[in-house]
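Chains as they are written, first to last, in the numbering used here: chain A, 1 to 326; chain B, 327 to 840.
Note that the Cβ used here is the ideal one computed from N, Cα and C, for glycine as well.
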Ligand SMILES: Nc1ncnc2c1ncn2[C@@H]1O[C@H](COP(=O)(O)OP(=O)(O)OP(=O)(O)O)[C@@H](O)[C@H]1O
Ligand SMILES: [Mg+2]
């Protein structure tokens, strides 16, 4: 119910857009293309889930792109140079990124600083740290990587649902359950409504803030690992600007940029819309890939305008409701 | 458990609490004692420190000095959550709920019924419905709280606090946006809770309610304790003297005779004015220097009428005239251009800009009226702000203080000043005396009369029938979003208004609330 109308609109945009693409290029409507779309956007889908929590809680996390970049470099070096078993490297980087997010959350809460500033600092920090580790691309040749890359479920119609796409889908579903069905999720919405009020109502605002940014960074870490599977390399310049694509996906998915409303499912649809535009441009072949950015920009603008209109409508006096109560 | 309690033993003891905000001493060595099973009124003028005391005790503000004991045990909560864990549930003065969450989520935030780590949504809604039914509300608990009126939001906040079943329940001006019927329900519930041994702290500026419900009274003045008395043995005049530190000037009904106003020109008129599904079409005439009161139950269409008249809501039929000339009223801007002012009931969401100073808030509407290309000079602004701070006795008398830091009642006064500063021809006041102390209350009523003598027309909404009767030249009674009767001259008295409200039968009034 919460945030349903915007999600509905996102769904309509996705379905209509997909239908239009399929009309022009009938091949698009195949499990093969859809499977690729999911694989190509797996890392984006994963960070976007974390970003949804952050934005609904009234914050923003600009550091996720850098955390992904750092993760790829760290994982590549750990496995290839330092000889760490891949699984241990994964656990270590996830612990590290969770701690990084928790630290940002703590700073935001304790010093009452705008999340924008704190995570901007976090963005530079994480990016800088990955340059310190290595400035060149480090290929990963460990056997796990080829095993995982080769793994895929066959879908009818010849499409492949790859391991990383499955990871993304699991995280999207898990994120949706966490947000909509648990006490933690309800508190996220409460924080987005008003931090001061939530605190007066007995919500442990500080702990919540720490946990939310921890979740976002943790998911960025997972996205980084997925990204390293996707590219089979670690590179300090990878995923530059991904935080902005992520925010765009979240907003197109109907989450209010000012917090308090939104859904994980909407975000997932937002990611799919971006993927769909990219796919269309690939099919067309004559368009520059920058058209993805332009189309995303236009959509974003349309969605923000729409949300403002909806918010303005919601602000109107409670005439109908009060009537219902009498 | 109740038997083991010595009824006279203090449940909550506050000793020597002090709190300063910079140079402002909001509390100085205040003591407060609450017994189990008693309803204790905490009284004082606007800015006396009542809300601050509550926030210090519940750990929202850190305290400078003093101790708090509950059941003999010293506590030092550092957040509302910790206070709750210690057994103190509070409804703060600002309605503290989240408009973006559903009613049910608001009632059960952070304490939802769970199974396997998952919120049991159905169970939660069922309980929410049952809880609100105790308060006579039957609403869709899955809808966002923000889609309901302030009164319903307030009842929800109270219901939440009551359901927390703490040992101490603190209600800071809980009745400020409730009407009689809801107040009765609240009082019934408060009495039940007190019987179960819960101690209740009750803040209010309605002295009638204080005498009706409380056992004892503690009075604060300028951040100091001035006394603690048994309600039964404290005459009202004595109480007022304790609160104000002086006698209250008599307020007399200064109503002009009906004949005198007939002679005056019509200032603003509305013919067949209305909006489908909002307020049924009505005719309304306001003469220069006349006060028209709007009376009715909550949700009867009073605020809706005010919004239509001001242009905050667009009428879909009828004609408005100013000094006889037809005008368009499509937006608040139009209203302001024609010299209308509107002081809304929801001061937090519709009026006050908390971050701006008192001065900036006061000149806001005047500046908007003059247009941005004719800015008021700083000298003029200072002058205006000083005048109204003095006139309305806004405390602290510092025009450069952010309004958000003022006490609730003083914020209300700033809002009033904003509209007075525009020298309007018609001023619409929605519950102007809500949350305002007895002293300022009398002052505002006097001011209303004075303004009228200067030719201003006033449309005043109030649930205080005594008050409406004192200053209105005519009273329009509303029910079910329609104007049903107009009383004038000698016909204006509380009995007649009540009779009109309940005209069909009492059942109508009751039905409207269950
Ligand atoms: N956060 C704050 N910062 C600075 N000053 C404050 C703050 N909160 C309250 N004050 C000041 O403390 C004094 C006491 O305010 P308080 O809100 O306790 O009054 P009150 O008795 O509750 O009044 P009212 O009846 O109007 O609600 C006032 O002078 C107010 O301006
Ligand atoms: Mg107060």
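Within the segment 339-374 of chain B, the runs of beta strand (DSSP E) at least 3 residues long that lie entirely inside it are, in chain order, 350-361, 365-369. Residue A:281 holds the alpha-carbon nearest to the alpha-carbon of residue 20 of chain A among A:301, A:300, A:281.
Between residue 782 of chain B and residue 480 of chain B, the alpha-carbon positions lie close to 33 angstroms from each other. When only Cα atoms are considered, residue 412 of chain B and residue 763 of chain B end up about 31 angstroms apart. For residue 197 of chain A, the closest Cβ of chain B is nearer than 7 angstroms. Beyond the five residues adjoining it in sequence on each side, residue 630 of chain B comes within less than 6 angstroms, by CB distance, of 604, 605 in the same chain, given in chain order. Taking C-beta separations shorter than 6 angstroms and ignoring five residues to either side along the sequence, the partners of residue 714 of chain B in its chain run 688, 743, following chain order. Within 6 angstroms of the C-beta of residue 376 of chain B there is at least one heavy atom belonging to ligand 2. Bounds of the beta strand (DSSP E) holding residue 496 of chain B are 494-498. Measuring C-alpha to C-alpha distances from residue 9 of chain A to each of A:109, A:266, A:274 identifies A:266 as the nearest.
If you draw a 10 Å sphere on the C-beta of residue 366 of chain B, you find 16 or more other C-beta atoms in it, and that means buried. Distance from the CA of residue 83 of chain A to the CA of residue 73 of chain A, rounded to the nearest whole angstrom, comes to 14 angstroms. If you look at residue 642 of chain B, you'll find it isn't in any beta strand (DSSP E); DSSP assigns it neither H nor E. Residue contact with chain A for residue 445 of chain B: present (Cβ-Cβ distance below 7 angstroms to some residue of chain A). Excluding five sequence positions before and after residue 789 of chain B, the CB atoms of its chain that fall closer than 6 angstroms to its own CB belong to 505, given in chain order. Contacts with chain A at 7 angstroms (Cβ-Cβ) include residue 431 of chain B.
Annotated as proximal: residue 707 of chain B and residue 685 of chain B, with beta-carbon spacing under 7 angstroms.
With respect to the 7 angstroms criterion, residue 148 of chain A and residue 165 of chain A are not classified as neighbours on the basis of their beta carbons. Per DSSP, reduced to three states, the secondary structure at residue 569 of chain B is helical. CA-CA distance, residue 302 of chain A to residue 28 of chain A, rounds to 25 angstroms.
For residue 555 of chain B, the secondary structure class from DSSP, reduced to helix, strand or coil, is strand. For residue 390 of chain B, no alpha helix (DSSP H) segment is defined, and its DSSP state is neither H nor E. With its beta carbon at least 7 angstroms from every one in chain A, residue 609 of chain B lies outside the interface. Of the candidates A:210, A:145, A:190, A:14, A:210 places its Cα closest to the Cα of residue 98 of chain A. Taking a Cβ-Cβ threshold of 9 angstroms, the residues of chain A close to residue 440 of chain B are 182, 183, in chain order. Within the DSSP bridge table, the entry for residue 592 of chain B names B:613 as partners. Where residue 525 of chain B is concerned, the enclosing beta strand (DSSP E) starts and stops at 525-529. Looking at the DSSP output, residue 440 of chain B bridges to B:445. Ranked by how close their Cα comes to the Cα of residue 261 of chain A, the residues B:775, B:428, B:354, B:814 have B:428 in first place.
Per DSSP, the unbroken beta strand (DSSP E) holding residue 652 of chain B starts and ends at 651-653.
For the segment 386-399 of chain B, the set of residues with a beta-carbon nearer than 8 angstroms to any beta-carbon of chain A comprises 386, in chain order. Bounds of any beta strand (DSSP E) do not take in residue 767 of chain B; it lies within the alpha helix (DSSP H) bounded by 764-779.
Within the chosen limit of 6 angstroms, ligand 2 does not reach the beta carbon of residue 738 of chain B with any heavy atom.
With 16 or more other CB atoms across the displayed protein chains lying within 10 angstroms of its CB, residue 419 of chain B is buried. A residue is called buried when at least 16 other Cβ atoms come within 10 angstroms of its Cβ; residue 716 of chain B does not meet this threshold and is exposed. The shortest C-alpha to C-alpha distance from residue 437 of chain B to any of B:404, B:490, B:455 is the one to B:490.
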